[in-house]
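Residue numbers (UniProt numbering): 1 to 198.
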Amino acid sequence: MSVSDILDPRVELDTLAARERILGTAYRLFYRDGIRATGIDKVIAEARVTKVTFYRHFSSKDALVVAFLELRHDRWMQWFRDALRRHAASGRRARPAVVSAVEEWVSAPSFRGCAFINSINELGPELPQVHDIAARHKADMVAAIKDSLPPGPRRARTAQALGIAVDGAVVHAQYSQGAAAAVKALATIATTLVAERE
């Protein structure tokens, strides 16, 4: 099994190798409870490994945080690109696919905001790699949005603006504990931006 298998709810952590169990446990706990709120001892206990095993695979909590964010980036971007394609193919031309993709994400029961925004807020300048991964994640998100838009001279600028609007909608959905208002606002912004391009 690969590390990507840890995101499949049908896979029991006990069936995975120690490193994958640790990373899978951290993935779940860091996103659900927060990085600062999740101590290494909790990860070790829930992954059912020893401290020696943990430190054989990860030199520190910081190393685990970086691995978590890299995995989150890879898996989320895969989902986001697929969601954009799926929603674009659904024929709902009245609103851009990015709105439907974000609605799908922020409406999920497991939604806890953007792992990258949360990580920047929690760790700030303490761990420079977090900023680097978050910046790459946001750039890749904007690139995926751009790819979902029709060609045109303002495509890149529109995608950048939509990326910022997505971040705002995600933060609003997180603190308001409801997706409807955030999605409605994002739909208004996205529809306006896309219409201005034409």
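We put the beta carbon where it would ideally sit given N, CA and C, even for glycine.
Being a predicted model, the structure only gives us computed values, none of them experimental.
Of the other Cβ atoms in all chains shown, 16 or more fall within 10 Å of the Cβ of E103; this residue is therefore buried. Taken through DSSP and simplified to helix, strand or coil, T50 comes out as coil. Three or more Cβ pairs closer than 8 Å define a contact, and the stretch 73 to 84 falls short of that threshold against the stretch 50 to 57.
Approximately 16 Å separates the beta-carbon atoms of L84 and A108; this is outside 8 Å, ruling out the contact.
The C-beta of G163 has 16 or more other C-beta atoms within 10 Å across all chains shown, which makes the residue buried. By the criterion of a C-beta distance shorter than 6 Å, C114 is surrounded in its chain by V170, once the five residues flanking it on both sides are discounted. The beta-carbon separation of Y27 and F80, rounded to 17 Å, does not stay under the 8 Å limit for a contact. Proximity of the stretch 119 to 133 to the stretch 180 to 197 falls short of the contact definition, fewer than three beta-carbon pairs being nearer than 8 Å. Distances from the CA of A18 to each of T38, A37, T50 and I40 were compared; the closest alpha carbon is that of T50. Pairing V98 with V183 gives a Cβ-Cβ distance that is not under 8 Å.
Per DSSP, T25 is one residue of the alpha helix (DSSP H) stretching across A18 to D33. The continuous alpha helix (DSSP H) containing D167 extends over residues R155 to S176. Judged by DSSP in its simplified three-state form, L127 adopts coil rather than helix or strand.
Here L29 is not near T15, since their CB atoms are 8 Å or more apart.
The continuous alpha helix (DSSP H) containing L69 extends over residues K61 to A89. Counted as a single uninterrupted DSSP element, the alpha helix (DSSP H) harbouring E104 occupies residues A97 to V106. Residue environment for P125: exposed (fewer than 16 other C-beta atoms within 10 angstroms of its C-beta).
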